[in-house]
Ligand code: MLT
C-alpha cells in the first residue's frame with residue numbers, strides 16, 4: 001500500500017465510473033481538510049486526501065518556501081515529482097480507475113499547478129483555489145526540464161479572490177496565461193473574497209465540474 005512512500009492519506013472509494021478527486025490542502029491542513037469539498041463537488045467520486053510532508057513551524061505543507069509567496073523551487077520540483085509518483089501508485093493500489101482530478105487550495109493548489117506542468121497526463125483536470133505561478137518557466141531549464149509542455153485541452157478551473165492579501169491578481173493572471181499558452185482550457189473566476197474559500201466559489205466550481213468537466217449538464221441545483 002502507498003503508505004510506504006510516506007504520504008499520509010485518506011481514501012474514500014466512490015463509483016467506478018466517476019473520477020477520483022485528489023485533494024491537496026493549504027498550509028496547516030491535512031488529508032481530511034478538503035474531503036467535504038470533494039464530496040460537495042461530486043458525491044459519487046472517489047476521494048484521495050493527501051497530507052503534505054514538509055513541516056513549517058509544525059504546519060504541514062507540500063513544499064518549502066523561503067518567505068510568504070517565495071518558493072524554494074528546487075524543493076518544489078522534488079516534492080512535485082514525489083507527490084506525482086505517490087498519486088500514480090495510489091491510483092493503482094486503490095484501483096482508482098476513473099480520471100484523476102486535482103483539487104487544491106492555496107499551497108495545495110500551487111503544487112497541483114506544478115504537477116500539471118511537470119507530470120502532464122497524470123491529471124485529466126484541475127480545480128485550483130487561490131493558486132499562484134509555481135515557478136518561472138526559466139526555472140525549468142535550470143533543472144533540465146523541457147519548457148514546452150503540452151496541456152492541450154486540459155480543463156482547469158481557477159478561483160481567485162480580489163481581496164486576497166497573499167496573492168497579487170497579476171500572479172493569478174500569469175498562471176492562467178502560462179496554462180493557456182500550454183494549451184489548457186482555463187476558466188478563471190474572480191470573487192470578492194480574500195484568501196479564505198467562499199461558498200460562492202464552491203458553488204461555481206460545482207457547476208464547472210459538472211457542466212464543463214463532466215459535461216453532463218446535471219448541476220442545476222447547487223448544494224451549497
Ligand atoms: C504557498 O506557500 O504555497 C503560498 O504562499 C500559499 C500558502 O500556503 O500560504
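Numbering (this note's numbering), first residue to last: 1 to 224. Even glycine gets a Cβ: it sits at the ideal position worked out from N, Cα and C.
Check	Outcome
Distance cut-off 7 angstroms: residue 21 Cβ against heavy atoms of ligand 1	no
Sequence-ordered residues whose beta carbon comes within less than 5 angstroms of a heavy atom of ligand 1	27, 65, 69, 106, 107 and 110
Within the segment 123–170, ranges of the alpha helix (DSSP H) (whole runs, at least 4 residues)	137–142
From 113, 141, 69 and 95, residue whose alpha carbon lies closest to that of residue 84	113
Of the listed residues 181, 127, 171 and 150, nearest to residue 187 (C-alpha basis)	127
Limits of the beta strand (DSSP E) - the one that residue 7 falls within	Segment: none, residue 7 is in no beta strand (DSSP E) and carries neither H nor E.
Distance CB(residue 206)-CB(residue 106) smaller than 8 angstroms	no
Continuous beta strand (DSSP E) stretch holding residue 34: start and end	Looking at the DSSP string, residue 34 is not in any beta strand (DSSP E), and its letter there is neither H nor E.
Opposing strand residues paired with residue 105 [DSSP bridges]	129
Nearest-angstrom Cβ-Cβ length linking residue 100 and residue 165, presumed shorter than 8 angstroms	Not quite, the Cβ-Cβ distance comes to about 32 angstroms (not below 8 angstroms), so this is no contact.
Among 65, 90 and 69, nearest to residue 79 - alpha-carbon criterion	65
For residue 47, three-class secondary structure by DSSP	strand
Beta carbon of residue 137 nearer than 8 angstroms to that of residue 147	yes
Separation of residue 199 from residue 2, as counted between CA atoms	Below a pLDDT of 50, predicted positions are generally treated as unreliable, and residue 2, at 47, falls in that range; the measurement from the model is reported next regardless. Roughly 33 angstroms separates the two Cα atoms.
Per-residue DSSP class, three states only, for residue 86	helix
Cβ pair residue 123, residue 53 closer than 8 angstroms	no
Classification of residue 153 by the beta-carbon crowding that lies within 10 angstroms, buried from 16 upward	exposed
Contact check, residue 45 vs residue 21, beta carbons under 8 angstroms	yes
Residue 99, enclosing alpha helix (DSSP H) - first and last residue	It is not in any alpha helix (DSSP H) - residue 99 carries neither H nor E in the DSSP assignment.
Residues sharing a beta bridge with residue 71, DSSP	65
Closest residue to residue 174 among 150, 197, 202 and 135 (Cα-Cα distance)	135
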